[in-house]
Structures are given as structure tokens and as C-alpha cells.
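Student: According to my numbering, the sequence shown holds residues 1 to 157 in order.
Handing you this structure, nothing more for now.
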Amino acid sequence: MTAQIRLVEITDANRDAVIALRVHPAQEKFVASVETSFRHAQAYPDAKPWFRAVYDGDTPVAFVMLSWNLVPRPEWRGPYFLWRLLVDARFQGRGYGTAILDEVVRLIRADGATELITSYMPGEGCPEPFYRAYGFEPTGEIDAEGEPILALDLTGR
Ligand SMILES: CC(C)(COP(=O)(O)OP(=O)(O)OC[C@H]1O[C@@H](n2cnc3c(N)ncnc32)[C@H](O)[C@@H]1OP(=O)(O)O)[C@@H](O)C(=O)NCCC(=O)NCCS
């Protein structure tokens with residue numbers, strides 16, 4: 001069954017609830033927290049940060065942040081880069097991650113995107129199998145932090 005989600009803007013009314021989202025402690029090395037993501041978004045406006053809280057009904061379950069149509073530089077891939085994706089530990093394994101990718105793909109395709117890029121930190125329990133199962137493929141590049149680059153071709157979707 002496909003998980004039902006909505007992407008919701010973050011305001012003063014829900015910011016604290018979204019910051020409270022947490023991955024498993026062992027996953028913290030794979031993804032920065034929501035709070036750190038907000039700091040990065042503020043520090044790098046040229047990276048065109050776009051972020052949303054993810055809700056199931058009235059419950060925040062996840063956070064997603066993209067670079068939305070940036071002008072690529074050697075250190076910033078794009079134009080559409082999946083920068084952060086985290087599903088709270090309590091809600092993982094229920095199809096939310098897949099549903100979020102479905103919704104992000106729908107939105108960026110409507111904006112003219114032909115591919116979605118991401119990268120991941122390799123290691124035990126890393127999200128690579130999740131991305132590969134969805135259809136992302138390695139480009140063969142490794143970024144300056146040692147993270148392999150993955151790309152999802154949207155032209156056939
Ligand atoms: C990776 C993540 C976003 C997946 O979200 P999710 O809601 O748990 O994923 P889904 O329930 O949609 O899972 C889809 C499939 O991927 C698999 N999967 C999910 N996370 C996985 C992982 N870390 N390793 C291997 N497989 C994984 C699921 O088992 C499922 O497989 P199935 O369809 O055969 O049952 C989530 O586990 C997470 O937030 N992890 C910690 C943070 C992280 O690593 N984020 C990515 C940073 S780039």
C-alpha cells in the first residue's frame with residue numbers, strides 16, 4: 001500500500017515539531033539533523049534550498065530538503081539535488097521514504113527537471129540500497145567528501 005503523505009511548509013507553528021524528528025542514533029552519521037539543515041539552508045542561499053516537513057495526517061514523520069534548480073558548480077551538483085531526506089526512526093519502513101521520493105519527483109518534473117541527483121555516505125546501514133531500489137544509479141563520480149553520486153533519470157517516468 002502506498003503511504004499517504006503531504007509536504008507542508010515549515011512555519012513558527014510547526015518548526016519545533018519538525019526539529020524534534022530524529023533518525024536512529026546509528027544513522028546519525030548518514031544524515032544531518034533538521035536543525036543543521038536549516039543552518040545550511042541559511043548559509044548557502046546559492047544552493048537554492050527548498051525544504052518541507054512531511055506529514056501523515058496531523059503527524060510530522062519526515063523532513064526533505066532539495067537544491068531546487070541551482071546553477072551547478074564543481075562542488076554543487078544539480079540542477080535538482082536531493083540534499084536531505086530523513087524519516088523519523090519511529091516511522092521508518094512504512095513506505096514514507098518511497099512516497100516522499102514519488103512526490104518530489106512529481107514536483108520537480110512539473111518544474112522541468114530531467115534528473116534528480118543525490119549522494120550518500122557509504123557504510124553499514126547506509127541508504128544506498130533504498131535509493132538503488134527506487135531507481136537511482138551510480139554516475140561513477142565521488143564528491144569531495146568521498147560520497148558516491150547517484151542519479152535518477154526522470155525522462156522515462
Ligand atoms: C533511508 C530512509 C529515508 C528510507 O525511508 P523509509 O520510509 O524507511 O523507506 P521505505 O519504507 O519507503 O522503504 C523502501 C524500501 O527500502 C528499504 N530500505 C529503507 N531504508 C533502507 C536502508 N537503510 N538499507 C536498506 N534498505 C532500506 C526498505 O526495506 C524498503 O524495501 P522493500 O520495499 O523491499 O520493503 C530512512 O530509512 C532514513 O531516514 N534513514 C536515515 C537517514 C538517511 O540515511 N537518509 C538518507 C540520507 S542521504
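Cβ coordinates follow ideal geometry from the N, Cα and C atoms, glycine included.
Can you grab the Cα-Cα spacing for the pair K29 / V71, in whole Å?
Tutor: 28 Å
Student: For G125, I'd like the list of residues in its chain whose CB is within less than 7 Å of its CB, leaving aside the five on either flank, ordered along the chain.
Tutor: A26 and Q27
Student: Tell me the rounded alpha-carbon separation between Y76 and A47.
Tutor: Inspection of the sequence shows that residue 76 is occupied by Trp rather than by Tyr. Looking at the two C-alpha atoms, the distance is approximately 7 Å.
Student: Comparing the CB of R22 with every heavy atom of ligand 1, is any distance shorter than 7 Å?
Tutor: no
Student: Just grab the DSSP bridge partners of L86 for me.
Tutor: F63
Student: Who are the Cβ neighbours of G135 in its own chain at under 6 Å, not counting the five residues just before and after it?
Tutor: Within the same chain, and ignoring the five residues on either side of G135 in sequence, the residues whose Cβ sits closer than 6 Å to its Cβ are L152.
Student: Can you say whether T118 is buried or exposed, counting buried as having 16 or more other CB atoms within 10 angstroms of its CB?
Tutor: buried
Student: What separation, rounded to the nearest whole angstrom, lies between the Cα atoms of L116 and L154?
Tutor: 7 Å
Student: Distance, Cα to Cα, W50 vs R106?
Tutor: 15 Å
Student: Going by DSSP in three states, V31 sits in which element: helix, strand or coil?
Tutor: coil
Student: Return the bridge partner residues of D56 from the DSSP annotation.
Tutor: T59
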